[in-house]
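Residue numbers (the UniProt record's numbering): 1 to 292.
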């Protein structure tokens with residue numbers, strides 16, 4: 001199966017989702033969302049579990065959140081105010097990167113960005129590298145969702161998931177002493193092969209994001225400026241596909257060679273006819289002169 005490029009979904013009325021996405025780029029949608037939320041001074045509340053947050057918005061802001069693919073709308077949304085559940089990476093991205101919301105604890109105490117960082121890191125040890133990967137993709141206008149159902153950390157969409165299938169299955173690999181024992185991912189061939197087979201079976205390209213640093217401290221969000229993301233896409237080598245791909249050029253070369261040989265034969269025959277006519281004419285002239 002060819003996994004190169006986006007796989008756009010088809011509308012029931014035959015609508016061209018590719019053209020729709022081009023006319024409404026994700027960068028523009030996120031900019032509108034940022035402007036709308038920033039002007040409303042909204043506050044998200046962390047859940048009692050500590051990783052997710054609940055954000056209440058008006059219907060217009062709810063539409064922008066849906067279009068930008070942030071969070072998940074709750075079923076008990078009212079007409080005047082609608083509620084969204086945001087994941088840890090999403091809430092910190094809206095707070096730290098876009099600076100369009102504030103966050104309070106479950107006890108309704110407003111939190112600084114440093115306090116929110118400490119809280120999310122205490123809830124999940126891998127939050128620093130996961131957020132760095134998430135913000136890296138989001139800053140490039142990819143829509144990022146959880147990849148749990150595919151056995152990966154994230155999946156990345158070129159646009160809204162309603163318009164296009166996810167293109168990449170993303171695995172985050174931290175690299176450095178500050179990440180402790182979390183640096184052993186995909187170091188074993190069997191792990192890599194399993195990830196490749198799983199992503200290939202659902203028509204996604206495996207994208208490995210290696211997060212590295214020069215011995216920075218992960219105790220504050222300031223470390224995000226020092227963390228470096230290395231992107232690598234990995235694909236399986238399938239012998240049969242490569243064999244068939246090699247046959248095509250050889251078949252074309254053979255056809256071209258046959259055409260060249262046919263042209264050479266025609267040219268040779270043409271020259272032979274001209275040469276024979278010339279010799280015959282010379283002999284006829286010589287014979288006429290000799291008889292005279």
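Glycine residues also receive a C-beta, built at the ideal position from the N, C-alpha and C atoms.
Residue state for residue 146 is assigned as strand, using DSSP reduced to three classes. With 16 or more other CB atoms across the displayed protein chains lying within 10 angstroms of its CB, residue 199 is buried. Along the stretch 67-126, the alpha helix (DSSP H) occurs as fully enclosed runs of 4 or more residues at 88-92 and 113-123, listed in sequence order. Counting the other CB atoms within 10 Å of its CB gives residue 188 a total below 16, which places it among the exposed residues.
Residues 229 of the same chain have their beta carbon placed closer than 6 Å to that of residue 136, with the five preceding and five following residues left out of the count. Within the same chain, and ignoring the five residues on either side of residue 134 in sequence, the residues whose Cβ sits closer than 6 Å to its Cβ are 89 and 144. Less than 8 Å separates the beta-carbon of residue 101 from that of residue 37. In the DSSP assignment, the residues bridged to residue 154 are 146 and 170. Remark: C-beta atoms of residue 57 and residue 74 do not approach each other more closely than 8 Å.
CA-CA distance, residue 87 to residue 71, rounds to 7 Å. Between residue 216 and residue 209, the CB-CB gap reaches or exceeds 8 Å. A straight line joining the alpha-carbon of residue 183 with that of residue 11 spans about 43 Å. Note that the stretch 18-26 does not touch the stretch 171-186; fewer than 3 beta-carbon pairs, one per stretch, sit closer than 8 Å. Shown here, residue 41 sits in coil according to DSSP, grouped into three states, outside any helix or strand. Nearest C-alpha to residue 114 among 7, 6, 124 and 103: 103.
A Cβ-Cβ distance of about 6 Å is found for the pair residue 92 and residue 116, placing them in contact under the 8 Å criterion. About 31 Å separates the beta carbons of residue 223 and residue 161, which is beyond the 8 Å limit, so they are not a contact pair.
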